[in-house]
Amino acid sequence: MNATVQRHRLARLGCPVYNAGMSTMSIQDIQRDPQGFVGRVVAGETILVVRGDRPVAEVRPVESATVSPRPFGLCADRFFVPEDFNQPLADEILKEFEGS
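Anchor point for the sequence shown: position 68 equals 69 in the numbering used here, and the numbering is continuous, going up by one each time.
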């Protein structure tokens, strides 16, 4: 059943139509095509899920957080690389890593 028919059916039965622009899908429709349902939500559609003639859930896409790169110099003057950083480790430290 398409969304428009479902909304009109709900309105005729006296159920409030929560959002005239929102698509409506029955649980049976979702079970028939779960990938299509998720695809519509991922595409940005908000869907009112109904069981029979009663709304039971509203499914909408999750707003993605904007990820910005870490600022350059975040730890400036807090961390220093020692001069001997690239030198080989002492034998006793290597043995600790190698478990011998």
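Ideal Cβ placement from N, Cα and C applies to all residues, glycine included.
Secondary structure of residue i, DSSP reduced to three states
{"i": "proline 35", "result": "helix"}
{"i": "leucine 95", "result": "helix"}
{"i": "valine 50", "result": "strand"}
{"i": "arginine 71", "result": "coil"}
{"i": "valine 57", "result": "strand"}
{"i": "glycine 100", "result": "coil"}
{"i": "valine 43", "result": "helix"}
{"i": "aspartate 85", "result": "coil"}
{"i": "aspartate 78", "result": "coil"}
Start and end residues, beta strand (DSSP E) containing residue i
{"i": "methionine 26", "result": "24–27"}
Euclidean distance between Cα positions of residue i and residue j
{"i": "valine 51", "j": "isoleucine 31", "result": "10 Å"}
{"i": "glutamate 84", "j": "aspartate 92", "result": "19 Å"}
{"i": "phenylalanine 38", "j": "arginine 71", "result": "36 Å"}
{"i": "methionine 26", "j": "glycine 40", "result": "13 Å"}
{"i": "isoleucine 28", "j": "glutamate 99", "result": "58 Å"}
{"i": "leucine 49", "j": "aspartate 34", "result": "15 Å"}
{"i": "isoleucine 94", "j": "phenylalanine 73", "result": "33 Å"}
Rounded distance between the beta-carbons of residue j and residue i, thought under 8 Å
{"i": "glutamate 46", "j": "serine 24", "result": "6 Å"}
{"i": "valine 43", "j": "valine 60", "result": "Not quite, the Cβ-Cβ distance comes to about 11 Å (not below 8 Å), so this is no contact."}
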